[in-house]
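Take the position in the sequence shown, starting the count at 1, then add 163; the result is the number in the working numbering. All remarks here apply to the structure that follows.
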Amino acid sequence: MAYHLTFFCRSDEENGRAAISRLLDELLPDGDLLMTERSGPFVDEVAVCSLARRGLAGDPVADWLVLEVHVGVEWIAESVIAVSPDDEHGIWGCDLLATVTLSGKNPDWLLVNRMWTALARLWSAIPWDEMSGFEIAKSVP
164 MAYHLTFFCR SDEENGRAAI SRLLDELLPD GDLLMTERSG PFVDEVAVCS LARRGLAGDP
224 VADWLVLEVH VGVEWIAESV IAVSPDDEHG IWGCDLLATV TLSGKNPDWL LVNRMWTALA
284 RLWSAIPWDE MSGFEIAKSV P
């Protein structure tokens, strides 16, 4: 079963590739990440890559996670309205939706926390998940 952690952001990024590149620039300086970029039938608004932390032997220390970024107010409007129909959480007008998907038996929570911190630093991310809704923000890394 997969777990999805979603972040609603205000970024002013041009497209999905630019947004994911900026986020990866925040994450890669530690030098411990493995990355595979997925190129597929995506539009400019969407970018996806898989990430894992590299162990001493060069192998992943935990299961790979998937980072998906959608850019554009119109592109993510349905998601925004679905989780906050009355804008109680101040996410209306967000122009970037980042989703981290974890699956497998050994999720990399350390990497998730690093991503959460980077998203908050770059774009004041507001987290949401299907189990806790916006309450997940109370467990800020």
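Just so it is clear, CB atoms sit at the ideal spot from N, CA and C, and this is done for glycine as well. Being a predicted model, the structure only gives us computed values, none of them experimental.
- Using a 10 angstroms sphere on the CB of residue 179, the tally of other CB atoms reaches 16 or more, which defines it as buried.
- Between residue 171 and residue 195, the alpha-carbon positions lie close to 26 Å from each other.
- The C-alpha of residue 169 is placed about 14 Å away from the C-alpha of residue 240.
- The way I'd put it, the stretch 208-215 doesn't touch the stretch 244-255; fewer than three beta-carbon pairs between them come closer than 8 Å.
- Judged by their CB atoms, residue 219 and residue 278 are not nearer to each other than the 8 Å cut-off.
- When DSSP states are grouped into helix, strand and coil, residue 251 belongs to the coil group.
- Its Cα nearest to that of residue 256, the residue 236 stands out among 271, 236, 266.
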